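Enquirer: Taking our numbering, the leading residue of the sequence shown gets 2, the next gets one more, and so forth.
We put the CB at the ideal spot given by N, CA and C, even for glycine.
Small disclaimer: the values here were computed from a predicted structure and weren't measured.
One structure coming up, written as structure tokens, with questions to follow.
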Amino acid sequence: MKHYIMKALDTLTITEKGQAQFPASWRKQAGLMRGGPCDVRVLDDGRLSLLITPRPQKRRGAVGLLAHLEDQTVAFPKVNRHTMPFK
């Protein structure tokens, strides 16, 4: 059995209702400062270990849209404009 060396020991608190508070440094790195879904898998190592992986967040609204569009490598095709018949 392989034991993994941890650089820093963080604490995870689970309440009676099963709610958990993850370490702030991990939530910030995973983009979960306001919460979000995570996948949890039980490892078969005989120590009841869990593997917790954050799920990718879906984009909401136009937050970060400009930065996303500026990062695109392919330009959008030029739009052909026409005059409306009532003008």
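#1: Determine the closest residue to residue 36 out of 87, 57, 73, with distance taken between C-alpha atoms.
#2: Straight-line CA distance for residue 80 to residue 40?
#3: Taking 8 Å as the threshold (C-beta atoms), are residue 28 and residue 34 in contact?
#4: For the beta strand (DSSP E) holding residue 28, just list the boundary residues, first then last.
#5: Runs of 3 residues minimum, wholly inside the stretch 38–69: which ones carry the beta strand (DSSP E) assignment?
Expert: With the structure as the only source:
#1: In the sequence shown, counting from the first residue as 1, residue 36 sits at position 35. Of 87, 57, 73, the residue nearest in Cα terms is 57.
#2: Position 79 of the sequence shown holds residue 80. Position 39 of the sequence shown holds residue 40. So the two alpha carbons sit approximately 43 Å from each other.
#3: Position 33 of the sequence shown, counted from the start, is the residue given in the question as residue 34. Position 27 of the sequence shown, counted from the start, is the residue given in the question as residue 28. Yes, the pair counts as a contact, with Cβ atoms nearer than the cut-off.
#4: On the sequence shown, residue 28 is found 27 positions in, with the first residue counted as 1. Here residue 28 belongs to no beta strand (DSSP E); instead the alpha helix (DSSP H) covers 25–31.
#5: 39–43, 51–55
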